[in-house]
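Peer 1:
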Amino acid sequence: MSLTFTLDPAVTPALRDGILDLWTDVSNAGGAVGFVPPVTPEEIRPELVRQFAAMADGSRRLLVGHDEEGRVAATAFLTFNSHRLMTHWIWLYTVMVHPRHQGRGYGRDLLAAAEESARTFDGVDAIRLTCRGGLGLERFYGSCGYKEVGRIPNAIRVAPGDDRDDVIMLLPLH
Ligand SMILES: CC(C)(COP(=O)(O)OP(=O)(O)OC[C@H]1O[C@@H](n2cnc3c(N)ncnc32)[C@H](O)[C@@H]1OP(=O)(O)O)[C@@H](O)C(=O)NCCC(=O)NCCS
1 MSLTFTLDPA
11 VTPALRDGIL
21 DLWTDVSNAG
31 GAVGFVPPVT
41 PEEIRPELVR
51 QFAAMADGSR
61 RLLVGHDEEG
71 RVAATAFLTF
81 NSHRLMTHWI
91 WLYTVMVHPR
101 HQGRGYGRDL
111 LAAAEESART
121 FDGVDAIRLT
131 CRGGLGLERF
141 YGSCGYKEVG
151 RIPNAIRVAP
161 GDDRDDVIML
171 LPLH
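Position 131 of the sequence shown, counted from 1, bears residue number 131 in the UniProt record's numbering, the numbering being contiguous throughout.
#1: Quick check: the segment 53-69 against the segment 27-45, are at least 3 beta-carbon pairs closer than 8 Å?
#2: Measuring only from the beta carbon, is G103 closer than 8 Å to any heavy atom that is part of ligand 1?
#3: Could you tell me the distance, in whole angstroms, from the CA atom of R100 to the CA atom of T12?
#4: Helix, strand or coil for N81 per DSSP?
#5: At a cut-off of 8 Å, is L20 close to ligand 1 when judged by its beta-carbon and the heavy atoms of the ligand?
#6: When the Cα of G105 is compared with those of W23, C144, M86 and V64, which residue comes out closest?
#7: Quick one, are the C-beta atoms of residue 189 and L15 less than 9 Å apart?
#8: Compute the minimum distance between the beta carbon of R60 and the heavy atoms of ligand 1, and state whether it is under 8 Å.
#9: Classify F140 as helix, strand or coil using the three-state DSSP reduction.
#10: I think W91 touches R128, with their Cβ atoms under 8 Å apart; what is that distance to the nearest whole Å?
#11: Measure from the alpha carbon of D122 to the alpha carbon of each residue in D163, R139, F80 and F140, then state which is nearest.
#12: Could you spell out the range, first to last residue, of the alpha helix (DSSP H) harbouring E47?
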């Protein structure tokens, strides 16, 4: 089995609902993608609508992985900087693989597809991302070639009394 990756798929109701289900299931399984459980698709929808708006104005690109049954199984958003002195690197956000597919190398395939896409963007020299500390994610991104370049202690308040570091990871493309 493998996933089929598409950059900038057509935004259809099936894609929208597939991403909402993915994002909800990943969040409710404890994934670090902006929400804490319990969360419903309706709570995530406004955030996804914002992503679609940014895609429409060209500031964000969507990479989607479909499984062999045609379900949305993985996503990542590649985001350009609006700051004129920072257009030579991009952000990677909302990296997720459906819990039913985790641990089989698809996460690494997703990061490889994101890197391949970024290499086709004119003048982009690096990919930067942040991840929540305490989940071992640095090890995952490290296995994909990213290096930890910074860490803001206790910047993410998952719950009262449960603060996590915000870890900055970087992948130079040259
Ligand atoms: C993080 C995530 C994308 C990884 O995808 P995956 O398909 O499970 O990962 P892979 O099977 O490709 O694993 C690649 C390597 O990373 C390691 N790894 C994966 N997830 C890990 C984690 N949470 N902590 C530590 N190591 C991890 C694997 O053990 C593997 O290493 P190995 O080759 O030495 O065995 C996926 O687990 C996920 O969606 N998690 C929830 C959402 C999330 O937290 N995203 C991160 C946002 S910053």
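By construction, the Cβ of each residue, glycine as well, lies at the ideal position given by its N, Cα and C atoms.
Peer 2: In short, the structure shows the following:
#1: no
#2: yes
#3: 23 Å
#4: coil
#5: no
#6: C144
#7: With the chain covering 1 to 174 only, the question about residue 189 has no answer from this structure.
#8: no
#9: helix
#10: 6 Å
#11: F80
#12: P41 to A56
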